[in-house]
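So the protein sequences, as listed, match chains A and B. Quick note: the first sequence, position 205, residue 212 per my numbering, numbers continuous. Quick note: the second sequence, position 218, residue 225 per my numbering, numbers continuous. C-beta atoms are modelled at their ideal positions from N, C-alpha and C, and glycine is treated no differently. Here the structure is a predicted model, which means the values were calculated and not measured.
2 protein chains.
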Amino acid sequence: MNAPSHTVAHSCTDCPIRHRAVCANCDAAELAELEEIKYYRSFEAGQTIIWSGDKMGFVGSVVAGIATLTQTMEDGRTQMVGLLLPSDFVGRPGRDGAAYDVIATTDIVMCCFRKKPFEDLMARTPHIAHRLLQMTLDELDAAREWMLVLGRKTAREKIASLLSIIARRDASLKPSGNSATMVFDLPLTREAMADYLGLTLETVSRQISALKRDGVIQLQGKRHVTIPDMGRLMEEAGDDSDGGFLV
Amino acid sequence: MNAPSHTVAHSCTDCPIRHRAVCANCDAAELAELEEIKYYRSFEAGQTIIWSGDKMGFVGSVVAGIATLTQTMEDGRTQMVGLLLPSDFVGRPGRDGAAYDVIATTDIVMCCFRKKPFEDLMARTPHIAHRLLQMTLDELDAAREWMLVLGRKTAREKIASLLSIIARRDASLKPSGNSATMVFDLPLTREAMADYLGLTLETVSRQISALKRDGVIQLQGKRHVTIPDMGRLMEEAGDDSDGGFLV
DNA sequence: TCTCAACTTTGACCCAGATCAAGTGACAGA
DNA sequence: TCTGTCACTTGATCTGGGTCAAAGTTGAGA
């Protein structure tokens, strides 16, 4: 996976994915200002991008690749608390330290803005502040939705919930849009899925096998998934409302 | 519990608890504007304040009493996703519908602002927008911290975590401040605790009995708790960092 | 082509917490 | 005083998912 060169000036809209935070309503002057403070960073799979408690000098969004937000206990137990897919925003404007580790799960490219000037721009630009609040509320909704998954769903429902989220996120990035059947590659190892779902990797494996045996999903290889009937999958997730939630 | 009369004009600072969202840095003109759109509402224990999906015409904060944010599945399983204690803010500026039920756990008084004018004020007033973003980030941190509790902690650790949160929240509202020993009343039934922790009420009861037997807590009656050693409790919670998190 | 390491699957067994079932205790109302 | 209700406790039993162990798969590199 190739990072855009650091030496080439990109306009914001050159990013493969536009920043959900700032692009949509920015005028030319704002975009120029953003351009000044923008830079790209890339990380290899497995690298920790930010350690919990570290000072974070930037905000930004994922251009390509996948990262996770992970909490760790002293004895080593870990819980994934968020999943960063392309176009997702990272950063805590107004906060110094990170509250959790951010770990690259695949090779990843991020488009970053230096934090201080970004905050200054935000303070002067109500529509950016508003957009950030809306994004944070989205994250909060997703986190709370996930609390229901963690607290009350069975292992099978948890797996179905995760597959349905990934499928819908994946579909929203593709032109093909919403059909009943969906095809995608799992971006996570069994262990990462287990970390997300509060399970062990063995249980994840068993439940995926069970869903396959029952015809809810099909697998080509370990990672390539076909979902013949999204409605069926969402029933399995105990998640009838097809309104759906975003990660 | 008596609600302040609706007919008496209160200035914002008359609230027993000041709005964390808006008071601290507001000038006189802003306070006057807030005063215009402010009103009090009270609810009885057990009442649902807002149904998930309902249109919410206000934002506001809790003056006295306790409410919970609760997610429900079609088959009736429920998971509490947030706890509203006095001074906590409720509301989703820029959003129409509520994402979860808000239920009064005790009799409760809320200080509300009409939503539309509040949003207008917010759009004109960067420091209020900034404060709201910070509060939302706090909630997000708390939600993610709670995901670790739900996903990875044992029943005993869950109970200890909840007690330690309530103790610290309680202490932060009292002048007495931080000592090693703390005394407070549990504001939740065993069932509500179970809903918060992703457990059954029987397990909650058993684990509370166990913590009592082991001297980690003392009980006078069912609800009045003494914690002789907060450090010990936080060890039990698997939560060494005494930095602590807010609900 | 072979080898090794990372990832995944599957089996056997166990245990924390759920479920089902009786309790107790405190308090409000008759 | 009795009675019913609500909140809680405790016991007996069951089970979903964890733990431990072994073996299968895949792909990169020699």
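(message) Please list, in chain order, the chain B residues whose beta carbon lies closer than 8 Å to that of H137(A).
(response) As a working note, residue 137(A) is residue 130 in the first sequence. Within 8 Å Cβ-Cβ: G101, A130 and A136.
(request) Pick out whichever of L90(A), R163(A), A111(A) and R197(A) has its Cα sitting closest to the Cα of L218(A). (result) Mapped onto the first sequence, residue 218(A) falls at position 211. Nearest of L90(A), R163(A), A111(A) and R197(A) to L218(A), Cα basis: R163(A).
(message) Is the beta carbon of G64(A) closer than 8 Å to that of R25(A)?
(response) To locate residue 25(A), count along the first sequence from 1; it is residue 18. To locate residue 64(A), count along the first sequence from 1; it is residue 57. No, these two residues do not count as a Cβ contact at 8 Å.
(message) Distance cutoff 8 Å, beta carbons only. Does Y107(B) sit that close to anything in chain A?
(response) For the purposes of this step, residue 107(B) is taken as residue 100 along the second sequence, with counting starting at 1. Yes, Y107(B) counts as interfacial toward chain A.
(request) Consult DSSP for G238(B) and reduce its assignment to one of helix, strand or coil. (result) As a first step, residue 238(B) is located in the second sequence; it is residue number 231 there, counting from the start. If DSSP states are grouped into helix, strand and coil, G238(B) belongs with the helices.
(message) Less than 7 Å between C-beta atoms, sequence neighbours within five positions excluded: which residues of the same chain meet that for E40(A)?
(response) Here residue 40(A) corresponds to residue number 33 of the first sequence, with the count starting at 1. Counting only Cβ-Cβ distances below 7 Å, and skipping sequence neighbours, we find L128.
(request) Run down chain B in chain order and give the residues with a C-beta less than 9 Å from the C-beta of V190(A). (result) On the first sequence, residue 190(A) is found 183 positions in, with the first residue counted as 1. Ordered by position in chain B, no residue passes the 9 Å Cβ test against V190(A), which lies about 28 Å from the chain.
(message) Which residues in chain A have a C-beta closer than 7 Å to the C-beta of E146(B)? List them in chain order.
(response) Here residue 146(B) is taken as the residue at index 139 of the second sequence, counted from 1. Among the residues of chain A, those whose CB is under 7 Å from the CB of E146(B) are L147, following chain order.
(request) Taking only runs that begin and end inside the region 178-225 of chain A, name each unbroken beta strand (DSSP E) of 3 or more residues, in chain order. (result) 189-192, all fully within the region 178-225 of chain A.
(request) Look up A174(B) in the DSSP assignment and say whether it is helix, strand or coil. (result) Within the second sequence, the letter at position 167 stands for residue 174(B). A174(B): helix per DSSP, three-state reduction.
(message) When you compare the CB of G83(B) with every CB in chain A, is at least one pair closer than 8 Å?
(response) Position 76 of the second sequence, counted from the start, is the residue given in the question as residue 83(B). By this cut-off, G83(B) is not an interface position.
(request) Look up S168(A) in the DSSP assignment and say whether it is helix, strand or coil. (result) For the purposes of this step, residue 168(A) is taken as the residue at position 161 of the first sequence. Reduced to three states, the DSSP call for S168(A) is helix.
(request) Can you tell me which of the three DSSP states M87(B) falls into? (result) To locate residue 87(B), count along the second sequence from 1; it is residue 80. In the structure shown, M87(B) sits in a strand (DSSP, three-state: E or B).
(message) Helix, strand or coil, according to DSSP, for H231(A) in the structure here?
(response) To locate residue 231(A), count along the first sequence from 1; it is residue 224. The answer is strand: DSSP assigns H231(A) an E or B state.
(message) Any C-beta of chain A within less than 7 Å: which residues of the region 190-222 of chain B qualify?
(response) G205
(message) Considering only their Cβ atoms, is the gap separating D108(A) from I57(A) smaller than 8 Å?
(response) Against the first sequence, residue 57(A) aligns to sequence position 50. Against the first sequence, residue 108(A) aligns to sequence position 101. A distance below 8 Å separates the beta carbons of I57(A) and D108(A).
(message) Contact between the region 113-120 of chain A and the region 35-53 of chain A is defined here as three or more beta-carbon pairs at a separation below 8 Å; is this criterion met?
(response) yes
(message) Taking 6 Å as the limit between beta carbons, can you name the residues of its chain near D236(A), skipping five residues before and five after?
(response) By one-based count along the first sequence, residue 236(A) stands at place 229. If we look at D236(A) and ignore the five residues flanking it on each side, its Cβ neighbours are A187.
(request) With distances taken Cα to Cα, identify the nearest neighbour of A106(B) among M80(B), L92(B), F125(B) and K123(B). (result) As a working note, residue 106(B) is residue 99 in the second sequence. Checked all of M80(B), L92(B), F125(B) and K123(B); the closest Cα to A106(B) is M80(B).
(request) Would you please verify whether the beta carbon of W153(B) is less than 8 Å from any beta carbon of chain A? (result) By 1-based counting over the second sequence, the position of residue 153(B) is 146. True, the Cβ-Cβ gap to chain A drops below 8 Å.
(message) Can you tell me whether I135(A) is helix, strand or coil according to DSSP?
(response) Within the first sequence, residue 135(A) is the residue found at index 128, counting from 1. Three-state DSSP puts I135(A) in a helix.
(request) Taking 8 Å as the cut-off, decide whether the C-beta atoms of P100(B) and L157(A) are in contact. (result) As a first step, residue 100(B) must be located in the second sequence, where it is residue number 93. As a first step, residue 157(A) must be located in the first sequence, where it is residue number 150. Going by C-beta atoms, P100(B) is not nearer than 8 Å to L157(A).
(request) Measure the Cβ-Cβ separation of V232(B) and L226(B) and say whether it is below 8 Å. (result) If you number the second sequence from 1, residue 232(B) lands on position 225. If you number the second sequence from 1, residue 226(B) lands on position 219. Taking a C-beta distance under 8 Å as the contact criterion, V232(B) and L226(B) qualify as a contact pair.
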